[in-house]
Structure formats: C-alpha cells, structure tokens
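> 82 is the number that the UniProt record's numbering gives to position 82 of the sequence shown; each next residue is one higher, with no gaps. The beta carbon of each residue, even a glycine, is placed where N, CA and C say it ideally should be. Here you go, one structure.
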Amino acid sequence: MPDVDGLREVVGVLREWQHEGAPMQLHPGDLGWFWRFGADATAAAVRTWSRDGRLLAIGLLDGATLLRMTTAPDAMRDEELARQVVADLNQPSLGALVAVEAPQGALVKDLLAEDGWKPGELRAPLSRDLTAPVREPGLRIETIGPEQAQVRVAMQRASFDRSTFTDERWHAMAGGAYSDARCLVGYDDQGSAVAAVTVWSAGPGRPGLLEPMGVHREHRGRGHGRAITLAAAAALRELGSSSATVCTASDNFAAVATYISAGFDPLPENPDFCRNA
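Have a look at this one:
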C-alpha cells in the first residue's frame, strides 16, 4: 500500500489509464469518493503492483471483502503481473477478501477462475458520449462548495438508508482528489432539494464518472433521477470529459432504467469473482 504522500501519484497514474474504448475499470473518482474516510484510511485501502519502478496495477479495498482493481492498459494480459496479483490475493493478510472486481478481458480474471474463484455479483456499466451538448435537466442545479456541504450531506443521507456521510467526511473528500470533481444538488419548483450527484473528471478527453447519485426518498418517481443524471453529464462535459460513465449492480433495475433514460448506453455486464467459502 502507498503512504499518504504516494496517494496523489496513484491517482495521477489512474487518470492516465482512463481512455475511450476501454472496459469499465477502477476510476480516480472511486478513490476520490473513498477519500471521505480520510487520507490515512484511503492509503491503507489501496494496493499497488509495480515492476522496474512503474505502476502496473492498482486496487482499492472497498470494505473488508471486495477488491476493485485495474491494470495499465498495456498490462491487461501480462502473465507475470496477473500471476503475482492472484498469488497476493490468496495471502493470509487478505483472508477476509472474498470478491474481486476487475475489467473485462483482464488476465487476472482468467487465473482466478483457474484457481477456483467463481463468477459472483453482476455489475452493469453504462456510458454516455459527451460529444454533443446535453439537454437541460428540468431542475435548478447548484454546485456545492464548502459552505453548503451540509446540503450535499443531507441529500446523501436522505437517498441512501445506510449512509454514514457527514459534514466532516465531505470536507475530507474535498481535501483529497477533488480538484476536477463537482457535487451537484437539484431543486424542484417548490425549492426543495430532491436529488444529488458527485462527478469526477479524469482530465480532458478521458471518461468521467458519476459516484454516487441519489434521489431523496420522499421525492422519488418524479423523474428527478434522470434530471440529476443529465446535470451530471453536462457538468462532466464542461470539465472536458469525453464520456460519462457509471456502474451499478445489474439487479438494481430502477437505477439502470434511470441511466438509460438519461441517454446512457449499457455496456457488457461484468461479474465479480468470488472465492469459495
């Protein structure tokens, strides 16, 4: 794992690995959103693999049981790297690890299957091209700064039943890999905050990420999810992103339908690989 000072280097490398046409993969925004737990916790959750001083693979322990990882674009089928990653994933120090999320086509997945790991939860990646302007969302949209952090926090907690987001965690996130990110809140005609999203750019000409998006539980079923998703796509386009991407569980049918209604195209589903109990 990197030290805290090495985190920004990891994020920078991960930005360089994002490119159009690549399968959905770990994004710098994933690390940026995790940063809400603080720099030390984020550093402790990151795993890296290098050769000759060059980073070749990066993983994020998303909780105790799931590792989300990707590799350098030219190392997806690197056998030496893949075998080292799989060997490390079977170490006792990662004994609680039971699932790995890796990009479609990564050799790591083939070797995990050979080692007895089985396909698990299906992920549904979606993408929207940002070449053309995005239509107006139909909500009043505000970009949230430090002085409005409590609004974004309240929306997160109103959208996700088990959310642990706090003002302190918003400020921790904003102090991390947040320079090319935006928090947006949508307001309806009555002035009520009804939906929120955070978007993460990986730099001009690269895919951006929505993570997370939510609609207030008391304002669902009125098209606000579609509206805030359109606002997110527009914000990423303003930041220079080539596309907007998002990934959710395949069985989250309402979320998938919302993204499709906002112009996102489904990409091939991608399963986690799970260790036998």
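Any idea what DSSP makes of residue 178, helix, strand or coil?
Looking at residue 178 - three-state DSSP - the assignment turns out to be coil, as it is neither helix nor strand.
> Across which residues does DSSP place residue 213 in a beta bridge pair?
197.
> Would you kindly work out how many angstroms separate the C-alpha atoms of residue 130 and residue 162, rounded to a whole number?
The alpha-carbon atoms of residue 130 and residue 162 are separated by roughly 32 Å.
> Can you check whether the CB of residue 1 is closer than 9 Å to the CB of residue 43?
Taking 9 Å as the Cβ cut-off, residue 43 and residue 1 qualify as a contacting pair.
> When you compare each of 178, 117, 85 to residue 7 by their alpha carbons, which one comes out closest?
Per the Cα distances, 178.
> Provide the residue span of the alpha helix (DSSP H) that contains residue 250, from first to last.
No alpha helix (DSSP H) holds residue 250; DSSP gives it neither H nor E.
> How would you write the range of the beta strand (DSSP E) that residue 100 sits in, first residue to last?
From DSSP, the beta strand (DSSP E) with residue 100 extends over 99-101.
> Three-state secondary structure (DSSP) at residue 108?
Helix, per DSSP.
> Within its chain, find whatever has a CB closer than 8 Å to the CB of residue 86; leave out the 5 residues flanking it on each side and keep chain order.
These residues qualify, in order along the chain: 108, 111, 112, 115.
> So, does the region 10-28 touch the region 151-161, judging by three or more C-beta pairs under 8 Å?
Contact between the region 10-28 and the region 151-161 is absent, because fewer than three Cβ pairs lie under 8 Å.
> Would you decide whether residue 276 is buried or exposed? Buried here means 16 or more other CB atoms lie within 10 Å of its CB.
Answer is exposed; the Cβ neighbour count stays below 16.
> Excluding the five sequence neighbours on either side, which residues of its own chain have a C-beta within less than 7 Å of the C-beta of residue 83, listed in chain order?
Excluding residues within five positions, the ones whose Cβ falls inside 7 Å are 111.
> In angstroms with no decimal places, state the Cα-to-Cα distance between residue 259 and residue 208.
In a straight line, the C-alpha of residue 259 is about 15 Å away from that of residue 208.
> In terms of DSSP beta bridges, what is residue 184 paired with?
Answer is 143, 197.
> Could you name the residues that DSSP lists as bridge partners for residue 208?
DSSP output for residue 208 lists 244 as bridge partner(s).
> When you compare only the Cα positions, how much space is there between residue 184 and residue 80?
Distance between the alpha carbons of residue 184 and residue 80 is about 43 Å.
> Helix, strand or coil for residue 42 per DSSP?
Three-state DSSP puts residue 42 in a helix.
> Helix or strand or just coil, what does DSSP make of residue 69?
Note: residue 69 maps to strand in three-state DSSP.
> How should residue 273 be labelled, buried or exposed, when 16 other C-beta atoms within 10 angstroms of its C-beta is the threshold for buried?
Burial call: buried.
> To which residues does DSSP link residue 54 through a beta bridge?
DSSP, once it has assigned bridges, lists 51 as partnering residue 54.
> Kindly indicate the opening and closing residues of the beta strand (DSSP E) around residue 120.
Run containing residue 120: 118-129, per the beta strand (DSSP E) assignment.
> Cα-Cα, which of 230, 262, 204 is closest to residue 20?
Considering only alpha carbons, the answer is 204.
> Figure out for me which residue from 92, 145, 139, 75 has the closest Cα to the Cα of residue 224.
Closest by alpha carbon: 139.
> DSSP has residue 273 in a bridge; who is on the other side?
100, 119, per the DSSP bridge assignment.
> Determine, using beta-carbon pairs with one atom in the region 118-136 and one in the region 243-259, whether at least three such pairs fall under 8 Å.
The region 118-136, when compared against the region 243-259, does touch it at the 8 Å Cβ threshold.
> Can you tell me where the alpha helix (DSSP H) with residue 229 in it begins and where it stops?
Here the alpha helix (DSSP H) through residue 229 covers 224-238.
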